[in-house]
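K.L.:
Quick note: the sequence shown uses full-length UniProt numbering, first residue 1, plus one each step.
Glycine included, every Cβ here is placed at the ideal spot set by N, Cα and C.
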Amino acid sequence: MRTTATIYMLTGISIGTIMVTSSNSWMLAWLGLELNSFAILPLISKTKHPRSIEAATKYFLTQSTASCLILFASTINAWQTGTWTITQMPDKLPSTLMLIALTMKMGAAPMHLWLPEVMQGTTLLTSLLISTWQKIAPMVLIFTTSNHLPSNITLMMGLLSTYLGGWGGMNQTHLRKMMAFSSIANMGWTLMTLTSEPKVSMINIMTYMLLTTPTFILLAQTSTKTLQDMTTMWTTSPTSSITLTFLLLSMAGLPPLTGFMPKLLILNELISQNMTAISVATTMASLLSLIFYLRISYLTSLLNTPSSSTSTTKWRQNMNNLKMTQMAPTAVMSTTALPTLYP
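Dropping the structure here:
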């Protein structure tokens, strides 16, 4: 019965995203976003713990507020232009309100405070869904209206997201909160070139999803939730430990891993737009994220030797072969796709 309900919820999430990506009207897109938000609420609150109910409540309130803003902005736009078409948004007021609402749905600063709490209160796989699939629908709407969005506000929100994501992740000991702040920082990188070169922003967000998916699957399969658990991962699964280290370094944007490619494209675009100071500030913000990525990598692969026996957990864990098989090509692409993506 629980499996059937989960399938229904996942189907609703998929249908909602498909409705948004294929719609040309704000009303149909709004309905798709509502279906997407309501379908994931049972998945967030399915664990019998007060934290999951709290996370579901915070997610519901935040997404409802964002949906009200979207409906308000689209109504103002329809009143001014006489059409509900998504691509027709010439006025600054509805476009600014729409930018605020969609970034709130994705968890970008300064409307980001809900994301770490929601991801901490749910399971690792549901957190994966929130940080990847749930960003597709609002990101498509932002991409569609990118030529009407205010560039100065978008740049300010992007720069603020990169700094707050880096600062917020440094003091965390729970991996789900750390990954949430990583998502906030990555959304900042995505917003930096949204108005000048939207295709680079789409490459960045898709690369982030490619990196995040095997990372969350590895953490879920090894039951790793805190930094303390990372110190014993080598003794339980050396292969997973090495793979996770490369994935984290790739998310940090270190060359020659895949995560370096979108950051290089974004910095190149900022410099070509004569925004050298902003590109330098964005590069400095990436060093903040690099700190906690390197800390996780150190705890994962450099703290314990292969012969360490300090772990009190079982040395052999039951791995789901199907999930590990699905994770393998994603992990390879996440760490070695740079030569094929950016020759």
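For E197, report the span of its alpha helix (DSSP H) as first-last.
P.N.:
Run containing E197: none; DSSP gives neither H nor E here.
K.L.:
Alpha carbon to alpha carbon, what distance is there between M106 and T207?
P.N.:
Computed Cα separation, rounded: 16 Å.
K.L.:
To which residues does DSSP link S25 through a beta bridge?
P.N.:
T85, per the DSSP bridge assignment.
K.L.:
What do you get for A285, buried or exposed, if any count of 16 or more other CB atoms within 10 angstroms of its CB means buried?
P.N.:
Buried: at least 16 other Cβ atoms inside 10 Å.
K.L.:
I need the straight-line Cα distance from L257 to L249, nearest angstrom please.
P.N.:
Approximately 8 Å, taken between the alpha carbons.
K.L.:
Decide yes or no for the touch test of the region 160-180 against the region 43-50: beta carbon pairs closer than 8 Å, at least 3 of them.
P.N.:
Output reads no: the region 43-50 does not touch the region 160-180.
K.L.:
Let me check understanding here. Comparing Cα to Cα, which of F60, T4 and G121 lies closest to P50?
P.N.:
Per the Cα distances, G121.
K.L.:
Decide if the region 168-176 is in contact with the region 110-121; the criterion is three or more beta carbon pairs, one per stretch, under 8 Å apart.
P.N.:
Yes, they touch.
K.L.:
When the Cα atoms are used, what is the spatial distance from S223 to P150?
P.N.:
Those two C-alpha atoms are separated by around 43 Å.
K.L.:
What are the boundary residues of the alpha helix (DSSP H) that T170 is part of?
P.N.:
It should be pointed out that residue 170 corresponds to Met in this sequence rather than to Thr. Per DSSP, M170 belongs to the alpha helix (DSSP H) from S151 to M170.
K.L.:
Hey, out of G259, L254 and T215, whose CA is closest to S241's CA?
P.N.:
Considering only alpha carbons, the answer is T215.
K.L.:
Within 7 Å (strictly less), CB to CB, does T162 reach chain B?
P.N.:
Included in the structure is just one protein chain, with no chain B present.
K.L.:
Give the DSSP-derived three-state secondary structure of T226 in the structure shown.
P.N.:
Strand at T226.
K.L.:
H174 by DSSP, collapsed to three states: which one?
P.N.:
Residue state, collapsed to three classes: strand.
K.L.:
Is T300 near M209, with beta carbons less than 7 Å apart?
P.N.:
No.
K.L.:
Look at the Cβ atom of W30, then the Cβ atom of I70, and state whether they are nearer than 7 Å.
P.N.:
Their beta carbons are under 7 Å apart, which means W30 touches I70 by this criterion.
K.L.:
Out of curiosity, what's the CA-to-CA distance linking L128 and L244?
P.N.:
So the two alpha carbons sit approximately 15 Å from each other.
K.L.:
When you compare only the Cα positions, how much space is there between S52 and H174?
P.N.:
C-alpha separation (whole angstroms): 15 Å.
K.L.:
Are the region 82-99 and the region 124-139 touching, with three or more C-beta to C-beta distances below 8 Å?
P.N.:
Because the criterion of three Cβ pairs below 8 Å is not met, the region 82-99 and the region 124-139 do not touch.
K.L.:
Within 10 angstroms of the Cβ of S297, are there 16 or more other Cβ atoms? Answer buried if so, exposed if not.
P.N.:
Result: buried.
K.L.:
How far does the alpha helix (DSSP H) with Q120 in it reach, from first residue to last?
P.N.:
It spans W114 to Q120 - the alpha helix (DSSP H) in which Q120 sits, taken as one unbroken run.
K.L.:
Using only the alpha-carbon positions, how far apart do Q80 and L219 sit?
P.N.:
Cα to Cα, the separation comes out at about 49 Å.
K.L.:
Excluding the 5 residues preceding and the 5 following residue 344 in the sequence, name in chain order all residues of the same chain whose CB lies nearer than 6 Å to its CB.
P.N.:
Since the displayed the chain opens at 1 and closes at 343, residue 344 lies outside it and no answer follows.
K.L.:
Quick one: give me the first and last residue of the alpha helix (DSSP H) that L299 is part of.
P.N.:
That residue, L299, is in no alpha helix (DSSP H); it is neither H nor E in DSSP.
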